[in-house]
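At position 119 of the sequence shown the residue is numbered 119 (the working numbering), and the sequence of numbers has no breaks.
Just so it is clear, CB atoms sit at the ideal spot from N, CA and C, and this is done for glycine as well.
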Amino acid sequence: MPTNVVIVGGGFGGMMCAKAMRRTSANITLVDKRNFHLFQPLLYQVATGGLSPANIAAPLRSIFRCQRNVQVLMGTVESFDKANSCVILEDGTQLPFDYLVLATGSTHHYFGRDVDWEPVAPGLKTIEDATVIRRRVLSAFERAERSHDPLEIARLLTFVIVGGGPTGVEMAGSIAELSKQTMKKDFRSINPTTARVILVENSKLVLDRYHESLSIQAGKDLRSMGVEVMNETRLSEIFPKHVVVTQNGRPLTIETETVIWAAGVKASPLGKKLAEAYDLPALLDRSGRVQVEARCSIAEHSNIFVIGDLANFPTHDGKTLPGVAPVAIQQGSYVGKLLNATISGRKCTQPFQYWDKGNMATIGRSHAIVESGRIRLTGKLAWLAWLFIHILYLARFENRMLVVFQWFWNYATRNRTARLITGNEDRHK
Numbered sequence: 001m002p003t004n005v006v007i008v009g010g011g012f013g014g015m016m017c018a019k020a021m022r023r024t025s026a027n028i029t030l031v032d033k034r035n036f037h038l039f040q041p042l043l044y045q046v047a048t049g050g051l052s053p054a055n056i057a058a059p060l061r062s063i064f065r066c067q068r069n070v071q072v073l074m075g076t077v078e079s080f081d082k083a084n085s086c087v088i089l090e091d092g093t094q095l096p097f098d099y100l101v102l103a104t105g106s107t108h109h110y111f112g113r114d115v116d117w118e119p120v121a122p123g124l125k126t127i128e129d130a131t132v133i134r135r136r137v138l139s140a141f142e143r144a145e146r147s148h149d150p151l152e153i154a155r156l157l158t159f160v161i162v163g164g165g166p167t168g169v170e171m172a173g174s175i176a177e178l179s180k181q182t183m184k185k186d187f188r189s190i191n192p193t194t195a196r197v198i199l200v201e202n203s204k205l206v207l208d209r210y211h212e213s214l215s216i217q218a219g220k221d222l223r224s225m226g227v228e229v230m231n232e233t234r235l236s237e238i239f240p241k242h243v244v245v246t247q248n249g250r251p252l253t254i255e256t257e258t259v260i261w262a263a264g265v266k267a268s269p270l271g272k273k274l275a276e277a278y279d280l281p282a283l284l285d286r287s288g289r290v291q292v293e294a295r296c297s298i299a300e301h302s303n304i305f306v307i308g309d310l311a312n313f314p315t316h317d318g319k320t321l322p323g324v325a326p327v328a329i330q331q332g333s334y335v336g337k338l339l340n341a342t343i344s345g346r347k348c349t350q351p352f353q354y355w356d357k358g359n360m361a362t363i364g365r366s367h368a369i370v371e372s373g374r375i376r377l378t379g380k381l382a383w384l385a386w387l388f389i390h391i392l393y394l395a396r397f398e399n400r401m402l403v404v405f406q407w408f409w410n411y412a413t414r415n416r417t418a419r420l421i422t423g424n425e426d427r428h429k
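Quick look at the structure:
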């Protein structure tokens with residue numbers, strides 16, 4: 001009988017794992033709650049009107065159209081049946097497996113304040129998140145245009161981004177460009193260039209995982225774009241019409257109705273379900289990630305693999321691999337090749353080794369930072385490198401062409417053509 005491989009998650013890790021098994025005799029079932037693969041690093045551009053959702057997403061069925069050993073199922077995993085080695089979907093469907101690969105990524109982490117903060121401070125992990133943020137940002141300008149109260153206008157035109165990592169920096173820079181360049185002549189009653197974009201970061205520097213010189217330059221670039229960078233500042237409370245931060249031990253109130261969360265992530269809840277089903281409470285770390293061994297499999301169950309943001313993979317220095325796309329891509333390819341060898345009867349004992357090609361983050365038009373070993377770039381050269389790498393990682397040729405054209409048009413005209421307010425927002429009714 002053919003070997004059954006079930007892959008849960010159609011992100012970078014799951015997609016690359018399935019692609020790496022294109023020549024195997026196994027039957028591969030790829031399960032995802034969405035019917036598309038999403039290029040998450042460019043979600044912030046959807047959130048600020050630079051790109052449309054279709055530019056950075058590709059239908060999974062289209063991606064695997066020519067790979068006959070892959071069946072794509074749209075569904076949500078409810079639980080696991082340890083005794084029968086089955087994945088159980090929400091509708092009761094049972095998917096038996098000989099090998100299981102979990103690659104469901106991560107979600108927002110509000111540090112225990114999910115109920116209070118998530119409704120008023122959306123994060124950025126899905127297309128739905130991006131369209132919600134786009135609606136709130138653009139609606140704030142529209143409401144300000146109709147207001148005659150200077151205090152209300154000031155509150156509406158204040159945008160607070162919590163978290164100075166890559167997502168927070170990219171969002172802050174993009175909103176600053178949107179208000180001070182793209183829309184500066186679009187309104188008659190307000191001046192969009194007076195909008196305040198405030199980036200709140202608890203650390204001494206933004207992008208503090210990069211070399212200090214790059215972090216300092218990123219802060220300078222943000223300030224040159226008009227972003228107010230509040231380092232060594234901790235968020236205390238979020239309310240519908242203001243936030244409270246603590247700076248130098250003193251509370252400070254910022255009047256705003258638009259807060260964007262970029263301060264933390266936690267693992268997908270699927271890791272907890274796996275630990276419960278297999279009675280392995282010690283399998284999870286404090287962030288809910290699954291502890292994996294050298295071959296990305298879990299202890300005592302060498303046929304179950306966890307990759308990407310959901311995995312806690314230890315490194316030689318006692319740390320863990322970061323939750324970034326290159327890690328998921330490399331782990332997905334590794335596990336796919338490992339399963340190819342195992343299914344064909346070849347032994348494969350080579351552990352997974354991550355090749356760190358470097359990190360990069362964009363700050364705004366012609367502003368980015370790149371760090372790869374001893375190579376450190378800033379400015380336009382870094383920005384061009386960022387553009388090239390991100391285009392290369394897009395799943396389909398059509399997406400690459402669409403994004404290249406859209407970016408060229410945005411750069412030439414300073415316009416963002418996807419500034420659409422869609423959906424309904426209950427809190428402003």
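Which of helix, strand or coil DSSP assigns to residue i
i      : result
Gln71  : strand
Cys17  : helix
Pro269 : coil
Lys429 : The predicted model places Lys429 with a pLDDT of 39, which falls under 50 and marks its position as unreliable; any figure quoted below should be read in that light. Correct three-state label for Lys429: coil.
Tyr393 : helix
Pro240 : coil
Met1   : coil
Val46  : helix
Trp386 : helix
Tyr411 : helix
Phe405 : helix
Met171 : helix
Asn248 : coil
Arg419 : coil
Glu300 : coil
Gln291 : strand
Thr194 : helix
Gln94  : strand
Asp32  : strand
Arg400 : helix
Phe452 : With the chain covering 1 to 429 only, the question about residue 452 has no answer from this structure.
Ala368 : strand
Asn231 : coil
Delimiting residues of the beta strand (DSSP E) encompassing residue i
i      : result
Tyr278 : It is not in any beta strand (DSSP E) - Tyr278 carries neither H nor E in the DSSP assignment.
Gln217 : No beta strand (DSSP E) contains Gln217, which is instead part of the alpha helix (DSSP H) from Glu212 to Ser224.
Asp81  : Val77 to Asp81
Val101 : Tyr99 to Leu102
Asn359 : Asn359 to Gly364
Ile375 : Ile375 to Thr378
Val87  : Cys86 to Leu89
Thr258 : Thr258 to Trp261
Terminal residues of the alpha helix (DSSP H) in which residue i lies
i      : result
Leu433 : Given a span of 1 to 429 for the chain in the structure shown, any question on residue 433 remains unanswerable.
Gln331 : Ala325 to Ile343
Val132 : Ile127 to Arg146
Arg61  : Leu60 to Ile63
Val115 : Asp114 to Trp117
Ile153 : Pro150 to Leu156
Short Cβ contact (7 Å threshold) for residue i with residue j
i      : j      : result
Thr104 : Gly10  : no
Lys273 : Ser79  : yes
Gly165 : Leu199 : no
Thr233 : Val245 : yes
Gly75  : Val31  : yes
Asn27  : Asn55  : no
Arg414 : Gln181 : yes
Tyr278 : Ser174 : no
Ser189 : Glu145 : yes
Phe456 : Val335 : Residue 456 cannot be examined here, being either before or after the span of the chain that is shown, 1 to 429.
Gly332 : Ile307 : yes
Ile238 : Val259 : yes
Thr378 : Gln217 : yes
Val101 : Phe405 : no
Best match in the options for proximity to residue i [C-alpha to C-alpha]
i      : options                           : result
Met171 : Gln330, Met360 and Ala47          : Ala47
Phe446 : Phe36, Pro240, Ile304 and Leu321  : Within the shown structure, residues of the chain are numbered from 1 to 429, placing residue 446 beyond reach of any answer.
Phe159 : Val197, Phe239, Ala83 and Gly123  : Val197
Glu276 : Gln45, Cys66, Asp81 and Val206    : Asp81
Thr29  : Phe39, Gln45, Phe97 and Glu145    : Phe97
Asp285 : Ala294, Ser268 and Arg295         : Ser268
Ala121 : Pro351, Trp355 and Glu257         : Glu257
Phe12  : Ser25, Thr131 and Pro326          : Pro326
Ser236 : Asn202, Gly226, Val227 and Ser215 : Asn202
Phe352 : Ala311, Gly364 and Arg400         : Ala311
Pro59  : Ala395, Gln67, His148 and Pro2    : Ala395
Between the segment 221-229 and the segment 356-369, can you find at least three pairs of beta-carbon atoms closer than 8 Å?
yes
Does the segment 192-212 come within contact of the segment 294-301, defined as at least 3 CB pairs closer than 8 Å?
no
Would you call the segment 354-365 in contact with the segment 377-396, where contact means no fewer than 3 C-beta pairs closer than 8 Å?
yes
Assess, as a yes-or-no matter, whether the segment 409-421 is touched by the segment 118-138 under the definition of 3 or more beta carbon pairs within less than 8 Å.
yes
Are at least three pairs of beta-carbons, each pair with one atom in the segment 142-157 and one in the segment 106-126, less than 8 Å apart?
no
Are three or more beta carbon pairs between the segment 336-344 and the segment 15-22 nearer than 8 Å?
yes
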